[in-house]
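Asks: The structure that follows is given in the form of structure tokens.
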Amino acid sequence: MAKDRDGQVTSSMGINTRLAHSGNNPHDYFGFVNPPVVHASTVLYPDAASMAARSQKYTYGTRGTPTTDALADAIDALEGSAGTIVVPSGLAAVTVPLLAFVSAGDHLLIVDSVYHPTRNFADTMLKRLGVEVEYYAPHVGAGIAALIKPNTKVVFTESPASNTFELQDIPAIVKAAHAAGAIVMMDNTWATPLYFRPLDHGVDISIHAATKYPAGHSDVLLGTVSANESCWKHLYESFCTLGCCAGPDDVYQVLRGLRTMGVRLERHQRSALAIASWLEGQKGVARVLHPALPSHPDHGLWKRDFSGSSGIFSIVLAGGGQKQQHAFLDALQIFGLGYSWGGYESLAVPVWLADRVVAKGPYEGPLIRLQIGLEDVEDLKADILRGLTAAASA
Ligand SMILES: Cc1ncc(COP(=O)(O)O)c(C=O)c1O
1 MAKDRDGQVT
11 SSMGINTRLA
21 HSGNNPHDYF
31 GFVNPPVVHA
41 STVLYPDAAS
51 MAARSQKYTY
61 GTRGTPTTDA
71 LADAIDALEG
81 SAGTIVVPSG
91 LAAVTVPLLA
101 FVSAGDHLLI
111 VDSVYHPTRN
121 FADTMLKRLG
131 VEVEYYAPHV
141 GAGIAALIKP
151 NTKVVFTESP
161 ASNTFELQDI
171 PAIVKAAHAA
181 GAIVMMDNTW
191 ATPLYFRPLD
201 HGVDISIHAA
211 TKYPAGHSDV
221 LLGTVSANES
231 CWKHLYESFC
241 TLGCCAGPDD
251 VYQVLRGLRT
261 MGVRLERHQR
271 SALAIASWLE
281 GQKGVARVLH
291 PALPSHPDHG
301 LWKRDFSGSS
311 GIFSIVLAGG
321 GQKQQHAFLD
331 ALQIFGLGYS
341 WGGYESLAVP
351 VWLADRVVAK
361 GPYEGPLIRL
371 QIGLEDVEDL
381 KADILRGLTA
391 AASA
């Protein structure tokens with residue numbers, strides 16, 4: 001662990017113990033259980049010499065505060081990372097490390113099933129800055145070696161895939177990338193560090209939309225980026241160069257959310273699995289795309305690498321098109337129609353795959369992504385049945 005509580009919290013302790021006690025040490029701040037929310041731009045120096053040398057722990061608000069350190073230390077303890085930056089959104093947690101590690105003339109490999117705004121950033125800003133962007137199939141595995149060029153600097157992964165939930169063979173990709181001198185980044189938002197620890201599998205940079213499970217209440221945007229020893233210094237310097245720091249109240253809310261993330265995730269996991277396996281037997285559903293289901297084509301990979309599953313998966317309707325998809329969504333009364341996930345409430349969205357170049361299916365019908373919240377499973381099943389009935393008669 002990057003920091004312990006005077007040696008009392010160790011990495012061998014259970015996850016909920018660590019979530020409850022990682023980050024700040026209450027005795028650093030008069031024994032108050034939670035850290036102060038430090039609102040800061042200016043930090044004062046005792047004299048001109050220390051100002052010139054910047055020889056104190058905190059130097060300016062953009063570079064870190066006791067509040068951001070409390071969250072970053074807690075994330076380091078979970079990720080096993082050398083350092084973590086805290087940025088204003090999950091999307092910034094994608095864009096900041098990419099800007100830090102790719103330059104004009106470099107080649108960047110991105111999984112085709114990536115979160116759409118990551119693709120949009122690569123296709124617009126990174127291409128404009130002279131970066132060569134290429135998309136690869138989520139099942140590429142060790143085959144990534146054939147796509148790596150002398151100028152490949154970064155292989156960007158996201159597993160499971162956004163919306164379609166294919167699993168990537170992360171250790172095989174890491175091996176090929178490192179052999180060629182490229183680094184590997186992973187958007188690990190789905191699993192959280194509770195169910196997958198990217199750096200343990202050789203990934204260099206682990207990315208999280210802390211907006212999702214860490215925040216947990218659909219009211220905060222935040223991102224974290226955690227690096228191994230060899231990437232940390234450059235990541236931190238780039239973060240300071242960009243001035244892309246997060247506001248203290250949001251940082252505090254995410255640290256607060258982290259304390260209960262373990263118990264919330266247990267419930268998200270259990271309910272999502274119960275609903276996903278029930279859906280496999282429902283009329284009107286062709287397939288359920290959830291890697292923890294034994295029927296999932298990548299279930300073996302999931303079992304090998306992951307220690308749990310979270311609350312979001314997709315279903316494929318048995319035929320039909322947008323009309324049936326919209327009828328399903330419009331019939332829902334408990335599931336809200338809205339983007340994002342990881343909050344306490346259930347959500348549904350239509351899946352759109354038109355941006356993909358390789359991982360396009362085929363699928364038997366339209367896809368709908370479900371985020372299973374903390375409500376009672378029987379109520380959620382009844383709501384989904386309303387959707388399936390409406391789709392069948394559309
Ligand atoms: C996999 C993944 N990464 C990153 C993000 C971006 O997070 P944010 O909404 O905080 O920008 C999302 C948001 O949905 C996501 O699903």
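full-length UniProt numbering applies: residue 1 is where the sequence shown begins, and numbers increase by one.
Using N, Cα and C, we set each Cβ at its ideal position, and we do this for glycine too.
These figures come from a predicted structure and were not determined experimentally.
Flag residue 226 as yes when its Cβ comes closer than 6 Å to any non-hydrogen atom of ligand 3, and as no otherwise.
Replies: What this structure holds is ligand 1, not ligand 3.
Asks: Which one or two residues does DSSP pair with residue 187 in a beta bridge?
Replies: 158 and 207
Asks: Is residue 115 near ligand 1, judged by its Cβ being under 6 Å from some heavy atom?
Replies: yes
Asks: Assess contact between the segment 82–93 and the segment 222–234, defined as three or more Cβ pairs (one per stretch) separated by less than 8 Å. Is contact present?
Replies: Two segments are said to touch when three or more pairs of C-beta atoms, one from each, lie closer than 8 Å; by this definition the segment 82–93 touches the segment 222–234.
Asks: Could I get the ranges of all uninterrupted alpha helix (DSSP H) runs contained in the segment 338–362, with 4 residues as the minimum, in chain order?
Replies: none
Asks: Residues in its own chain within less than 8 Å of residue 16 by CB, not counting five upstream and five downstream?
Replies: 262 and 263
Asks: Quick check on the burial criterion: 16 or more other C-beta atoms within 10 angstroms. Buried or exposed for residue 294?
Replies: exposed
Asks: Can you check the segment 34–104 for any alpha helix (DSSP H) of at least 4 residues that lies completely inside it and give the ranges in chain order?
Replies: 48–53, 66–79 and 90–101
Asks: Report whether the distance from the Cβ of residue 91 to the nearest heavy atom of ligand 1 is below 6 Å.
Replies: For ligand 1, at least one heavy atom lies less than 6 Å from the Cβ of residue 91.
Asks: Under 8 Å by Cβ, that's how I've got residue 247 and residue 331 pegged, so tell me the actual separation to the nearest angstrom.
Replies: Actually they are not in contact, since the Cβ atoms of residue 247 and residue 331 sit about 39 Å apart, beyond 8 Å.
Asks: Quick one: is residue 341 buried, meaning 16 or more other Cβ sit within 10 Å of its Cβ, or exposed?
Replies: buried
Asks: Please tell me whether, using a cut-off of 6 Å, the distance from the CB of residue 219 to the nearest non-hydrogen atom of ligand 1 is below it.
Replies: no
Asks: Between the C-alpha atoms of residue 68 and residue 61, what's the straight-line distance to the nearest angstrom?
Replies: 10 Å
Asks: In three-state DSSP terms, what is residue 3?
Replies: Low local confidence applies: a pLDDT of 44 at residue 3 is under 50, so the model's placement there is unreliable, and no value is given.
Asks: Going by DSSP in three states, residue 269 sits in which element: helix, strand or coil?
Replies: helix
Asks: Excluding the five sequence neighbours on either side, which residues of its own chain have a C-beta within less than 6 Å of the C-beta of residue 260, listed in chain order?
Replies: none
Asks: Candidates 19, 226 and 152: which alpha carbon is nearest residue 102's?
Replies: 152
Asks: Check whether the segment 102–116 touches the segment 128–137, taking contact to mean three or more Cβ pairs, one atom from each stretch, closer than 8 Å.
Replies: yes
Asks: Thinking residue 238 and residue 100 are a contact (beta carbons under 8 Å), I'd like their distance in whole angstroms, please.
Replies: 3 Å
Asks: Pick out whichever of 156, 202 and 50 has its Cα sitting closest to the Cα of residue 175.
Replies: 202
Asks: Tell me where the beta strand (DSSP E) around residue 369 begins and ends.
Replies: Run containing residue 369: 367–371, per the beta strand (DSSP E) assignment.
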